[in-house]
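K.L.:
Handing you a structure now.
Numbering (our numbering), first residue to last: 450 to 896.
Listed below in structure tokens is the structure:
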């Protein structure tokens, strides 16, 4: 045997080994547990404080803080993938030969030795007539037969589910698809966040853990942000009105809440948090002329609406934490003393002045906190999971079932030998086989 042949045999022996597969599965499971127990992607100081300086150095040397991205973990996945591929390539040819073999050339002696068999005799009937009759009766039960000569008699063969022998390899393929999807997602995807104040826009995000600035390739603008409350005062819903802007034009507008994100060009924006500011948007409208103005107001500062000759400001605030529940507003013009009143956000106040009547609304300025993800491998993972479910169903619940019917002339007419086997679910096939035989006429007459 040549050196190359020996090397090839050694390689095949290693990577077709069940022991190797079990060892790799154990190592992947154990390291995954470690990656779950030990917090990931924290600062070095975190690991020093929790585990000590020496252990923290060892953990960073082994890549434990980024377990699933560590070179040795990726290497384990690649070796496991290679193990699956080599095992499959080694065994599929054998399965293919079983699926495509000519079962009409089966040795009659083998059929006679099958554990699942039944015999009947059909008198007063020729061989061709018996074969035609048998093929028709089996077709009624869903078994399409092929036939060939077998010595002095005829052999009929029917099978169902030959393709199910590949079920286990569908599972192998699904694992490879899932791993490929995870690799694509980790290589070409990202996760990050961004705070976008109302009326402002951003064309980048900051990556989780590293803080790296990642360009989006388009701009997302927060048109408005609102919070709905329960009667108890607890927040009920956060809602952001977002616009996607590309090449200077708005291409998409969407309202998002928790669990109802916006997705554009494979990038998904989730409502994650918010940040209230001590600035307010006051909308003033002349109820007679319809003229309106939006002003960005900070507490303690005076603003003017020059066209109407009015001045306004915020004197005081009341609220819970950083969320303002009402603001004390003053509003004046050149005629008379200023009007002073409390105004909750979202409500309208009517201000009667000597020369005009105005309506005011006030809204606290917020920034919406967006969690942003891009995972181009997610559909590979979903497809792999679906393929795995299908493959497991095929592998465990479906089977390759075969039936041979050997017809031979005898002293009492035509001797009929039924035989069959199944590679899985043998008890179920035994019942189906017995039911099929029971529905066939014992004397060759009509069933």
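All residues carry an ideal CB built from backbone N, CA and C; glycine is no exception.
#1: Is residue 679 buried or exposed, if buried means 16 or more other CB atoms sit within 10 Å of its CB?
#2: On the DSSP bridge list, what partners appear for residue 695?
#3: Quick one: residues in its chain with C-beta nearer than 8 Å to the C-beta of residue 584, no 5 flanking neighbours on either side, listed in chain order?
#4: Give a yes or no on whether the C-beta atoms belonging to residue 862 and residue 563 are separated by under 9 Å.
#5: Rounded to the nearest angstrom, what separates residue 511 and residue 521 at their Cα positions?
#6: Roughly how many angstroms separate the alpha carbons of residue 553 and residue 827, rounded to a whole number?
#7: When the Cα atoms are used, what is the spatial distance from residue 592 to residue 873?
#8: Given that a residue counts as buried once 16 or more other Cβ atoms are within 10 Å of its Cβ, and exposed if not, what is residue 532?
#9: Would you list, in sequence order, the uninterrupted beta strand (DSSP E) runs of no fewer than 3 residues that lie entirely inside the region 598-681?
#10: Using only alpha-carbon positions, find the residue among 478, 817, 852, 491 that is nearest to residue 690.
#11: Closest by CA to residue 795, which one among 635, 715, 676, 849?
#12: From the DSSP output, in three-state form, read off residue 757 for me.
#13: May I ask you to list the residues that DSSP assigns as paired with residue 855?
#14: Quick test of your reading: residue 865 and residue 856, contact by CB under 8 Å. State the CB separation rounded to the nearest angstrom.
#15: Secondary structure at residue 532, three-state DSSP: helix, strand or coil?
#16: Between residue 418 and residue 720, how many whole angstroms is the CB-CB distance? I'm expecting something under 8 Å.
#17: Measure the alpha-carbon distance for residue 769 versus residue 684 and round it to whole angstroms.
#18: Assign residue 516 to buried or exposed, taking buried as 16 or more other Cβ atoms, counted over all protein chains shown, within 10 Å of its Cβ.
#19: Whole alpha helix (DSSP H) runs in the region 486-525 with 4 or more residues, listed along the chain?
#20: Work out the CA separation of residue 544 and residue 536 for me, nearest whole Å.
#21: DSSP state of residue 593, grouped into three classes?
#22: In whole angstroms, what is the alpha-carbon distance linking residue 902 and residue 674?
#23: Using only the alpha-carbon positions, how far apart do residue 896 and residue 586 sit?
#24: Quick check: the region 803-811 against the region 703-718, are there 3 or more CB pairs under 8 Å?
#25: Quick check on DSSP: helix, strand or coil for residue 469?
#26: Classify residue 799 as buried or exposed, calling it buried when 16 or more other Cβ atoms lie within 10 Å of its own Cβ.
#27: Sorted by chain position, which residues of the same chain lie with C-beta nearer than 7 Å to residue 603's C-beta, five sequence neighbours on each side aside?
#28: So who's on the other strand from residue 816, going by DSSP bridges?
#29: Is residue 889 helix, strand or coil by DSSP?
#30: Could you give the residue range of the beta strand (DSSP E) that holds residue 712?
#31: Under the three-state reduction of DSSP, which class applies to residue 861: helix, strand or coil?
#32: In or out: residue 612 buried (at least 16 other Cβ within 10 Å) or exposed?
P.N.:
Straight from the coordinates:
#1: exposed
#2: 698
#3: 594, 596, 605
#4: no
#5: 8 Å
#6: 47 Å
#7: 18 Å
#8: buried
#9: 602-609, 639-646, 650-656, 662-678
#10: 817
#11: 676
#12: coil
#13: 604, 866
#14: 6 Å
#15: helix
#16: No answer is possible for residue 418: the residues shown for the chain start at 450 and end at 896.
#17: 12 Å
#18: buried
#19: 493-500, 502-511
#20: 12 Å
#21: coil
#22: Residue 902 lies beyond the stretch modelled for the chain, which goes from 450 to 896, so this question has no answer here.
#23: Residue placement at residue 896 cannot be trusted, given a pLDDT of 49 that sits under 50; the coordinates are not used to answer.
#24: no
#25: helix
#26: exposed
#27: 576, 580, 596, 856
#28: 646, 724
#29: coil
#30: 711-713
#31: coil
#32: exposed
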